Amino acid sequence: MARRKMIYEGKAKILYEGPDAGTVIQHFKDDATAFNGEKKAVIAGKGVLNNRISAHLMTKLESIGIPTHFIRSVNMREQLVRRVEIAPVEVVVRNVAAGSLCKRLGIEEGTVLFRPLVEFYYKNDDLGDPMVNEEHIITFGWADPYELEEMVTMAWRINDYLNGLFSGIGLRLIDFKLEFGRIWGEHGELYLVLADEISPDTCRLWDAKTGEKLDKDRFRHDLGDLVEGYQYIAEKLGLVPAGGILQGGNVNEQLAEKLEQIENELSKERRLRDLKPGNKPRKP
Ligand code: AIR
Ligand code: ASP
Numbered sequence: 000m001a002r003r004k005m006i007y008e009g010k011a012k013i014l015y016e017g018p019d020a021g022t023v024i025q026h027f028k029d030d031a032t033a034f035n036g037e038k039k040a041v042i043a044g045k046g047v048l049n050n051r052i053s054a055h056l057m058t059k060l061e062s063i064g065i066p067t068h069f070i071r072s073v074n075m076r077e078q079l080v081r082r083v084e085i086a087p088v089e090v091v092v093r094n095v096a097a098g099s100l101c102k103r104l105g106i107e108e109g110t111v112l113f114r115p116l117v118e119f120y121y122k123n124d125d126l127g128d129p130m131v132n133e134e135h136i137i138t139f140g141w142a143d144p145y146e147l148e149e150m151v152t153m154a155w156r157i158n159d160y161l162n163g164l165f166s167g168i169g170l171r172l173i174d175f176k177l178e179f180g181r182i183w184g185e186h187g188e189l190y191l192v193l194a195d196e197i198s199p200d201t202c203r204l205w206d207a208k209t210g211e212k213l214d215k216d217r218f219r220h221d222l223g224d225l226v227e228g229y230q231y232i233a234e235k236l237g238l239v240p241a242g243g244i245l246q247g248g249n250v251n252e253q254l255a256e257k258l259e260q261i262e263n264e265l266s267k268e269r270r271l272r273d274l275k276p277g278n279k280p281r282k283p
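Counted from 1, the sequence shown has number 115 at position 116 by numbering that gives the first Met the number 0; the numbering is strictly sequential.
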């Protein structure tokens, strides 16, 4: 393959220039980090599973009218996405208390919140992604009031939809983090789309019956094999066959490529789709 130009390397993903203007290849690494990069490991299979899970969830969300950056899967570790400018705001939605909410406010882990809680964090590694409120976001221009409103509206819809999807397969969606990106249209209009990834790296998912934690908390708090948890989620979503895609600790590449082909067959006509009309274009 011709040398590709790298645009950005993050903790868990690399972005390369895509084949067409306005596109990017999003590559999922096997690297796992936690606590702002303090804890690190390379975990075989993580990238492949996150790529598949995120592609699937983005496609589902697109089908209910959430505009996303996702275009199509390229191979077992990579997907073609639209090039966006990421807003430096992480939107977290919580249904059940866990993680930093418990730490910060002394709430018992597992407490069901009487309504979903939306929080904002300033995306800045040097500062450790501090929690901020709407006033900070608007004062410092990280997003404008219209964008913020759109982000929250989308976050609520995504939460409703994903809650249903996961509860239907015996999983509880505890919380998750979203990132949004801006795309400029031909006439200078601005669109906001869901970007980054939705995967067990960015969601907490517990088994509904046993309460077992299946997400990245396994790595953060040494709760068990990370890939086993991710594979279980992918299996429940119908994305990998029972037994998973690992063979003796390594990815069964032949099987993974075959699954990718099937997925792309299904989405052959899913090329550069039009941006969703529900996402009102407006002047920046
Ligand atoms: N998250 C936040 N920053 C990075 C990530 N991945 C996700 C976590 C968790 C949710 O946001 O994976 O699902 C809330 O995280 P926390 O640490 O604030 O409790
Ligand atoms: N991915 C982030 C980090 O490396 C946060 C996390 O998921 O814990 O610190």
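Just so you know, even glycine gets a beta-carbon here, dropped at the ideal spot from N, CA and C. The structure presented is a predicted model; accordingly, all values stated were derived computationally and were not measured.
Problem - Simplified DSSP state of Y7, which is helix, strand or coil - result: The answer is strand: DSSP assigns Y7 an E or B state.
Problem - Sub-8 Å separation of P66 and W141 beta-carbons - result: no
Handout entry: Own chain partners of L112 with C-beta closer than 8 Å, once the 5 adjacent residues on each side are dropped
Key = R93, N94, V95, A96
Practice task
Using the Cα positions of P199 and G36, report the straight-line distance between them to the nearest angstrom.
Solution key: 17 Å
Problem - Residue from M75, D143, F139, I173 whose Cα sits closest to the Cα of R114 - result: I173
Problem - Residues with C-beta closer than 6 Å to any heavy atom of the ligand ASP, in chain order - result: K10, T32, A33, F34, N35, G36, K215, R219
Handout entry: Residues of its chain near L245, where Cβ-Cβ distance is below 8 Å and the 5 sequence neighbours each way are ignored
Key = For L245, where only same-chain residues beyond five positions count, the Cβ hits under 8 Å are A43, G44, V226, Q230, N251.
Exercise for the section: Answer yes or no: the CB of A54 versus the heavy atoms of the ligand AIR, is any distance below 7 Å? Expected result: no
Problem - Per-residue DSSP class, three states only, for E16 - result: In the structure shown, E16 sits in a strand (DSSP, three-state: E or B).
Practice task
With hydrogens ignored, establish whether the beta-carbon of D125 is closer than 7 Å to any heavy atom of the ligand AIR.
Solution key: no
Handout entry: Minimum length 3: unbroken beta strand (DSSP E) runs contained in the segment 88-167
Key = Correct list: 111-121.
Exercise for the section: Answer yes or no: the CB of A40 versus the heavy atoms of the ligand AIR, is any distance below 7 Å? Expected result: no
Exercise for the section: Please classify S72: does DSSP put it in a helix, a strand, or coil? Expected result: strand
Practice task
Return yes when the Cβ of E84 is within less than 8 Å of the Cβ of G180, no when it is not.
Solution key: yes
Practice task
Assess, as a yes-or-no matter, whether the segment 5-25 is touched by the segment 202-210 under the definition of 3 or more beta carbon pairs within less than 8 Å.
Solution key: Short answer: they don't touch.
Exercise for the section: Thinking A194 and H26 are a contact (beta carbons under 8 Å), I'd like their distance in whole angstroms, please. Expected result: Incorrect: roughly 15 Å between the Cβ atoms, too far for contact.
Handout entry: Own chain residues within Cβ distance below 6 Å of L161, not counting five before or after
Key = The residues are L172.
Exercise for the section: Consider the C-beta atom of A194 and the heavy atoms of the ligand AIR; say whether any pair is separated by less than 7 Å. Expected result: no
Exercise for the section: Decide if G17 is buried, meaning its Cβ has at least 16 other Cβ atoms within 10 Å, or exposed. Expected result: buried
Problem - As assigned by DSSP and simplified to three states, the class of D216 - result: helix
Problem - Beta-ladder partner(s) of D174, from DSSP - result: Answer by DSSP bridge pairing, in chain order: R93, R203.
Exercise for the section: Can you grab the Cα-Cα spacing for the pair R219 / K257, in whole Å? Expected result: 32 Å
Exercise for the section: Between the Cα of L104 and those of R217, M130, G21, A241, spot the shortest distance and give me the residue it belongs to. Expected result: The shortest C-alpha separation from L104 is found at M130.
Handout entry: Which listed residue (S53, K38, S72) has its alpha carbon closest to that of I197
Key = S53
Problem - Opening and closing residue of the beta strand (DSSP E) in which E77 lies - result: 77-81
Practice task
May I ask you to check if the CB of F179 is nearer than 7 Å to at least one heavy atom of the ligand AIR?
Solution key: Flag unset: Cβ of F179 not near the ligand AIR.
Handout entry: Contacts around L213, its chain only, beta-carbon distance under 8 Å, and the 5 residues preceding and following it disregarded
Key = L170, P199, L204, W205, D206, G228, Y229, Y231, I232
Practice task
Return the residue from the list L56, G127, F119, D124 that minimises the CA-CA distance to E134.
Solution key: F119
Practice task
May I have a chain-ordered list of the beta strand (DSSP E) segments no shorter than 3 residues that lie completely inside the segment 17-73?
Solution key: 22-27, 30-33, 38-41
Practice task
Enumerate in chain order the residues of its own chain whose CB-to-CB distance from R76 is below 7 Å, with the five nearest sequence positions on each side excluded.
Solution key: H26, F27, G46, V47, N50
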